[in-house]
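In the numbering used here, the protein residues as written are 30 to 275.
The beta-carbon is built from N, C-alpha and C at its ideal position, and this holds for glycine as well.
Quick caveat: nothing in here was measured; it's all calculated off a predicted structure.
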């Protein structure tokens with residue numbers, strides 16, 4: 030699920046009521062999964078909103094706390110995923126920038142084994158969600174937040190970039206597929222035109238529901254045809270720019 034609490038209008042009970050309602054709708058056999066990204070754990074050399082002086086970069090890299098799935102807050106994904114992350118029994122994947130949190134009987138199977146050099150690819154929870162027949166719920170959120178589209182980027186020719194971040198062993202650099210949510214709104218519009226998408230309203234928000242597998246398969250074909258290579262600036266997943274200064 031990708032969500033915007035403010036788009037729902039006033040909710041009695043706020044994000045807790047929303048999460049409880051989703052769990053009630055899923056029932057005891059359903060599993061709720063949300064992105065709990067922490068893209069601010071990134072190289073200060075790439076921060077742009079605002080940038081920091083170059084003379085700070087080495088100090089920031091040395092002193093930036095490493096990712097801890099138990100305490101590192103999510104950033105840029107909204108208050109509902111942060112509520113899920115803190116919910117009793119929630120499990121969270123191990124990737125330091127693009128983690129997912131899950132609640133339900135499939136939580137462990139979905140979140141385990143998130144490879145440190147695979148943000149949103151075959152060794153991430155997205156691939157497991159696709160295999161499980163999961164569905165995407167956009168709850169007041171746009172297609173620009175749809176992380177399932179990123180899985181398609183790992184299945185088409187895409188540039189590889191070096192990604193720096195803190196780790197328990199100190200500053201590390203890994204090679205990763207370059208990802209960007211540029212053109213995801215256009216992609217989503219075409220997807221909704223060509224594929225079955227359940228639409229409705231929840232409170233004041235527009236909601237969309239569709240299979241992960243449909244979104245990934247459509248995005249593979251669409252991105253290969255429509256996205257210019259020069260758009261691969263690695264803007265990171267979803268709407269927030271993980272290069273921004275926290």
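Residue range of the unbroken alpha helix (DSSP H) whose run includes residue i
i           : result
residue 224 : Per DSSP, residue 224 belongs to no alpha helix (DSSP H) and is neither H nor E.
residue 154 : 154 to 160
residue 180 : 177 to 182
residue 201 : Premise fails: residue 201 lies in the beta strand (DSSP E), 199 to 206, not in any alpha helix (DSSP H).
residue 97  : Careful: residue 97 lies outside any alpha helix (DSSP H) and carries neither H nor E.
residue 53  : 43 to 55
Euclidean distance between Cα positions of residue i and residue j
i           : j           : result
residue 239 : residue 166 : 7 Å
residue 39  : residue 72  : 37 Å
residue 272 : residue 79  : Annotation note: pLDDT 35 at residue 272 (below 50); position unreliable, no value reported.
residue 31  : residue 120 : 17 Å
residue 201 : residue 131 : 27 Å
residue 9   : residue 51  : The requested residue 9 is not part of the displayed model; the chain covers only 30 to 275.
residue 213 : residue 147 : 20 Å
residue 145 : residue 187 : 18 Å
residue 174 : residue 106 : 9 Å
residue 8   : residue 215 : Lying outside 30 to 275, the shown extent of the chain, residue 8 is not represented and no answer is given.
residue 140 : residue 204 : 22 Å
residue 270 : residue 224 : Any reading at residue 270 needs caution, since the residue's pLDDT is 40, under 50, leaving its predicted position unreliable; the model's value is listed next. If I take the Cα positions, the gap works out to 29 Å.
residue 164 : residue 245 : 11 Å
residue 172 : residue 229 : 15 Å
residue 87  : residue 97  : 21 Å
residue 137 : residue 108 : 22 Å
residue 142 : residue 77  : 31 Å
residue 95  : residue 233 : 38 Å
residue 122 : residue 102 : 13 Å
residue 268 : residue 64  : Its pLDDT being 35, under 50, residue 268 is placed unreliably by the model, and the measurement read from it follows with that caveat. Rounded to whole angstroms, residue 268 to residue 64 spans 12 Å at the Cα level.
residue 124 : residue 254 : 30 Å
residue 114 : residue 90  : 26 Å
residue 135 : residue 189 : 31 Å
Nearest candidate by alpha-carbon position, reference residue i, set the options
i           : options               : result
residue 176 : 197, 191, 150 and 169 : 150
residue 112 : 123, 129 and 77       : 129
residue 184 : 211, 193 and 252      : 252
residue 242 : 257, 255 and 180      : 180
residue 117 : 169, 45 and 64        : 45
residue 248 : 210, 64 and 160       : 210
residue 92  : 108, 199 and 135      : 199
residue 250 : 122, 64 and 178       : 178
residue 133 : 254, 53 and 101       : 53
residue 49  : 90, 64 and 110        : 110
Residue span of the beta strand (DSSP E) that contains residue i, given as start and end
i           : result
residue 130 : 129 to 132
residue 236 : 234 to 240
residue 196 : 189 to 196
residue 164 : 164 to 168
residue 64  : 61 to 64
Beta carbon of residue i nearer than 8 Å to that of residue j
i           : j           : result
residue 206 : residue 191 : no
residue 227 : residue 37  : no
residue 99  : residue 66  : no
residue 47  : residue 55  : no
residue 75  : residue 194 : no
residue 126 : residue 68  : yes
residue 169 : residue 235 : yes
Worksheet item: Pairing CB atoms from the stretch 152 to 162 with CB atoms from the stretch 205 to 222, are three or more of them under 8 Å?
Response: no
Item to complete: May I ask you to verify whether the stretch 54 to 65 touches the stretch 81 to 90, counting CB pairs closer than 8 Å and requiring at least 3?
Response: no
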